[in-house]
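Notes to accompany the following structure.
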Amino acid sequence: MYKKTIIFLLPVLLVWGALEFFYRTTETNYTYKHKQIITKYADSEILLFGNSHALYGLDPAFFERKTFNISNVSQSLYFDELLFNKHAKNLPNLKAIVLTVSYFSLSQEDNTSEDLWRKYFYRQQMELEVPVISDFDVKKYSVSLARRFNKSVELFQEYIEKGTNVNCFENGYGMQDASDIVDDKEEITPIIVKKHEDGLKDFTTNTKRLERIIEACKQNRITVFLVEMPVYKTYYDSLNSEKKEKITSTLEALEKKYGNAHFLKLSQDARFEAADLRDADHLTNKGAEKCSRILNDYIEERLERN
Amino acid sequence: MLFNTLDFAIFLPIVLVLYWTVFNRSLRWQNLFLVVVSYIFYSFWDWRFLSLIFMSSVVDFTVGRALVKTSSQPRRKLLLYVSLFFNLGLLVVFKYFNFFVETFVDSFALFGTSFNVNTWSILLPVGISFYTFQTLSYTIDIYKGKITATRDPVAFFAFVSFFPQLVAGPIERASNLLSQFEVRRTFQYNKNVDGLRLILGGLFKKMVIADNCALVVNSIFENYHDQSGSTLFFGAVFFAFQIYGDFSGYSDIAIGTSRLLGFDLMKNFNFPYLAQNLADFWRRWHISLSTWFRDYLYIPLGGSRVSKGRLIFNIFVVFLVSGLWHGANWTFVLWGFIHALFVIPVILFLKNNVTYSKDRRLPTFRQFINIGATFFIVVVAWVFFRAETITDAFQYLKIVFSESLFTMPHIPRSGIVLLLGYMVLEWIQRHKDHVLDIAYIRSGSLRYAIYYIVLFCVFYFAGDLQPFIYFQF
């Protein structure tokens, strides 16, 4: 009976082993960024943190100083802090960090179901110690178990077609092209708004997290830039006003409290137009160029003043 | 710990290996091991509520022993009331207290009297409705002299906490399950193979059918005001398959897991959407609950051997209580009421016992119409089950039965085709124990090919992980 069961399950075990091998040997955005930041330790002056809004919205190529974008899709402030703690101490020339804050960033709970699989990849492929992962969690030891099978197959297909699973440039900026631009942004906006509305207004955990980062930066004479990235007007208007105001007041309070923190609100900045956005909340390459230049000028002005 | 998680995929093989090798030496060791692993299994949800299962086991074991030791009828009655009071008391406190208080306050508010009463903020212990009914049946059966009380406390504790069916049934009777705890289990090849088939089929129902339907259902029910009647109708159809896949999938895995441990649990679903009328539906849907209500409520009320008026009353009572059993909300009561409304004419005027011929490949035209009509009523009733409030349910149905019912629905059409395909499979297997009961296929290669296809679907087409709906009851 058990012999037959094992024989029956053998193909499943083989597929599992093959996927584990694939994940452990193929370069992804996580392994690639990890490798790149280490090579840039000596000369990086600015680090850009955040989720996909930063990944596709801030291109280090348009910054005057040596800049690296260490953001990733769905990267929460939880991982921003872990990455900061891991790398900042190795960057002797670090002058500034940019933390992009989205509508959901401050209310986001640690270890929620949203993209739960990513934490295992941060641990395994970016060599982060992730406290929310239990030692009894088998996914800690096998990342292929963390991702759904169909997603693993898709990733494998992408690797076969493109020869890589890396979707970002050497400076960490995310690759995107015309095919990513959504024609009808109005139609997609309610779906995105709903996806981003967690109904939570408790910012305590993430505000404390930001304060810890700002404090650490202060001790190392690093300036912190808190940035609200540009979004599509209908998207912004559809979000909860009370929560939006609370986000702004929280970030303003941090700016006021800490001399090394600055808050730049670009969410509805008049310099951006609809064509600068590829969907409800992500910039196009052109929009990213504009945003990066604006942020660069702002950073340079503040750094010179200091 | 959910059946469809990696945790369970690791937990079960460890349990099986230890059960059949280390703890296989004696009945006492087998039972003791099952109690320990069942308590570990339950503690993955909330270890604090283990005390309730423990207390329930202690009370009913003690009451059971006391019932067989006394012949005094008043004392026996008192003992039964102790068991009823304790078990139903647990349910009232943890499940219905807030509902009763709010209903009380609302009723008086209708007459202009307002009360300021605080409700409790208490968690509903997972599986409480299931294991309290199971232990209740034990003491009632002893009281009625149908069974005798067990002398073995370990067997009884294992019977109450048996992890495959602890949190969502099937609700077993002591006469079937407890007796199996009193005999040492031996490994049986065929039983184990069928157990694995049941688990595989159950995972398919839950992860592929229910979890994918859930995505469609959630988006439709959350924004039902903005949808057309046709979309809402198919939203209810998808919910019908979600709840079926969810609950029958759970039951299949529970029964399959039990078989791997050497137990036979009762069948809980028998292709319910092939029912030809509502009474037939209730012989096929959540059989362990419907037979529980039949034996411990309907028959004590007089059953069908009473006047027509009393019969109608009895049916209403059973279905309203059954509705309330599902949840402390008037939506469930109304759901039960609708079912009662359509069961009564069947029992009063129609041929109650309907079967399918083994010789026919296709249903007759009349059977086809009956299946369709029954499914339609069941789908409409599911709207009340799924809706947050009664008002929502009526507004939902108002949109369904509007002109927009005849517009093109915004639903994944491939989903409808696949669900129809699944129903065809159920029709083919209608006389079998379960949909993956394919032992009759002689070719081993073909059987293996079917298993691999199902396994691939489970891995590849699984929807986002959703909690089992019946866990909230």
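Going down the list, the sequences are from chains Y and U.
With this note's numbering applied, the first sequence covers 1 to 306.
With this note's numbering applied, the second sequence covers 1001 to 1473.
Note that beta-carbon positions come from the ideal geometry of N, C-alpha and C, so glycine has one too.
Model, not experiment: these values are computed from the prediction.
Residues that residue i contacts on chain Y, provided the C-beta gap is smaller than 9 Å
i: U/Tyr1460; result: Arg148, Phe149, Asn150 and Val153
i: U/Ile1010; result: Val138
Residue i, buried or exposed, once every other Cβ within 10 Å from all chains shown has been counted against 16
i: U/Leu1079; result: buried
i: U/Gly1336; result: buried
i: U/Val1424; result: exposed
i: Y/Ser152; result: buried
i: Y/Lys192; result: The sequence shown places Ile at residue 192 of chain Y, not Lys. Buried is the call here.
i: U/His1225; result: exposed
i: Y/Asp279; result: buried
i: U/Val1431; result: A quick correction: the sequence has His, not Val, at residue 1431 of chain U. So U/His1431 counts as exposed.
i: U/Ser1357; result: exposed
i: U/Trp1382; result: buried
i: U/Ile1199; result: buried
i: U/Asp1211; result: buried
i: U/Pro1170; result: buried
i: Y/Ile6; result: exposed
i: Y/Arg118; result: buried
i: U/Arg1361; result: exposed
i: Y/Glu161; result: exposed
i: U/Phe1163; result: buried
i: Y/Glu252; result: exposed
i: Y/Glu245; result: exposed
i: Y/Ser44; result: buried
i: U/Phe1085; result: exposed
i: Y/Glu308; result: Because chain Y is modelled from 1 through 306, residue 308 of chain Y falls outside the range shown and cannot be assessed.
i: U/Glu1172; result: buried
7 Å Cβ cut-off: residues of chain Y touching residue i
i: U/Leu1418; result: Residues of chain Y passing the Cβ test: none, with the nearest at roughly 16 Å.
Per-residue contacts from residue i into chain Y (C-beta, under 8 Å)
i: U/Leu1006; result: Val138, Lys139 and Leu145
Partners in chain U for residue i, counting only beta-carbon separations shorter than 8 Å
i: Y/Val73; result: Per Cβ cutoff of 8 Å: no residues; Y/Val73 is ~17 Å from chain U at best.
7 Å Cβ cut-off: residues of chain U touching residue i
i: Y/Val130; result: The premise fails here: Y/Val130 is roughly 18 Å from chain U at the closest Cβ pair, so nothing lies under 7 Å.
Item to complete: Would you list, in sequence order, the uninterrupted alpha helix (DSSP H) runs of no fewer than 4 residues that lie entirely inside the stretch 1143 to 1172 of chain U?
Response: 1153 to 1161 and 1163 to 1166
Discussion item. Could you check whether the stretch 108 to 126 of chain Y touches the stretch 16 to 31 of chain Y, counting it as contact only if at least three pairs of C-beta atoms, one from each stretch, sit closer than 8 Å?
Written reply: yes
Worksheet item: Got a sec: which bits of the stretch 1430 to 1458 of chain U sit with their beta carbon under 8 Å from any beta carbon on chain Y, in order along the chain?
Response: Tyr1448, Tyr1451, Tyr1452 and Leu1455
Item to complete: Report the residue ranges of all alpha helix (DSSP H) runs contained in full by the stretch 85 to 136 of chain Y; include only those spanning at least 4 residues, in chain order.
Response: 118 to 125
Practice prompt. Residues of the stretch 224 to 242 of chain Y with a CB closer than 8 Å to any CB of chain U: list them in chain order, please.
Written response: none
Worksheet item: On the three-pair Cβ rule with 8 Å, is the stretch 1022 to 1033 of chain U touching the stretch 1154 to 1169 of chain U?
Response: yes
Fill in: Where the stretch 85 to 106 of chain Y meets chain U: residues whose CB sits under 9 Å from a CB there
none
Worksheet entry | Given 8 Å, three or more beta-carbon pairs between the stretch 26 to 42 of chain Y and the stretch 159 to 172 of chain Y | yes
Discussion item. Please identify, using Cβ separations under 7 Å, the residues of the stretch 172 to 198 of chain Y that lie next to chain U, in order along the chain.
Written reply: none
Worksheet item: Can you find at least 3 beta carbon pairs, one from the stretch 1278 to 1285 of chain U and one from the stretch 1187 to 1205 of chain U, that sit closer than 8 Å?
Response: no
Fill in: Contact between the stretch 1269 to 1278 of chain U and the stretch 1243 to 1261 of chain U (3+ Cβ pairs under 8 Å)
yes
Item to complete: Specify whether the stretch 1036 to 1050 of chain U and the stretch 1289 to 1306 of chain U touch according to this definition: at least 3 beta carbon pairs, one from each stretch, less than 8 Å apart.
Response: no
Item to complete: Within the stretch 1039 to 1090 of chain U, note down every full beta strand (DSSP E) run reaching 3 residues or more, in order along the chain.
Response: none
Worksheet entry | Cβ-based contacts, 8 Å cut-off: residues of the stretch 9 to 21 of chain Y near chain U | Pro11 and Val12
Discussion item. Contact between the stretch 89 to 100 of chain Y and the stretch 131 to 141 of chain Y is defined here as three or more beta-carbon pairs at a separation below 8 Å; is this criterion met?
Written reply: no
Practice prompt. Just list the beta strand (DSSP E) runs in the stretch 188 to 250 of chain Y, keeping only unbroken ones of 3 residues or longer that don't cross its boundaries, in chain order.
Written response: 223 to 228
Worksheet item: So, do the stretch 1098 to 1110 of chain U and the stretch 1063 to 1081 of chain U have three or more beta carbon pairs nearer to each other than 8 Å?
Response: no
Worksheet item: Is it a yes or a no for the stretch 1454 to 1469 of chain U touching the stretch 140 to 158 of chain Y, going by three-plus beta-carbon pairs under 8 Å?
Response: yes
Worksheet entry | Inside the stretch 1242 to 1315 of chain U only - alpha helix (DSSP H) runs reaching at least 4 residues | 1278 to 1284 and 1287 to 1293
Worksheet entry | Touching by the beta-carbon criterion (3+ pairs, under 8 Å), the stretch 29 to 36 of chain Y and the stretch 56 to 63 of chain Y | no
Item to complete: Evaluate the contact criterion for the stretch 1395 to 1404 of chain U versus the stretch 1226 to 1233 of chain U: three or more CB pairs, one atom per stretch, below 8 Å.
Response: yes
Practice prompt. Please determine if the stretch 176 to 196 of chain Y and the stretch 229 to 245 of chain Y are in contact, where contact requires at least 3 C-beta pairs separated by less than 8 Å.
Written response: yes
Item to complete: Examine the Cβ distances between the stretch 1134 to 1144 of chain U and the stretch 1010 to 1018 of chain U and report whether three or more of them are shorter than 8 Å.
Response: no
Worksheet item: So does the stretch 1361 to 1374 of chain U actually touch the stretch 1305 to 1324 of chain U, counting three or more Cβ pairs closer than 8 Å?
Response: no
Practice prompt. Count the CB pairs spanning the stretch 1172 to 1189 of chain U and the stretch 1434 to 1447 of chain U that are closer than 8 Å, and state whether there are at least three.
Written response: no
Worksheet entry | Contact between the stretch 248 to 266 of chain Y and the stretch 207 to 218 of chain Y (3+ Cβ pairs under 8 Å) | yes
Worksheet item: Counting Cβ pairs, one atom from each stretch, are 3 or more of them under 8 Å apart for the stretch 287 to 302 of chain Y and the stretch 1003 to 1012 of chain U?
Response: no
Item to complete: Kindly provide the ranges of any beta strand (DSSP E) runs that are 3 or more residues long and lie completely inside the stretch 1179 to 1209 of chain U, ordered along the chain.
Response: none
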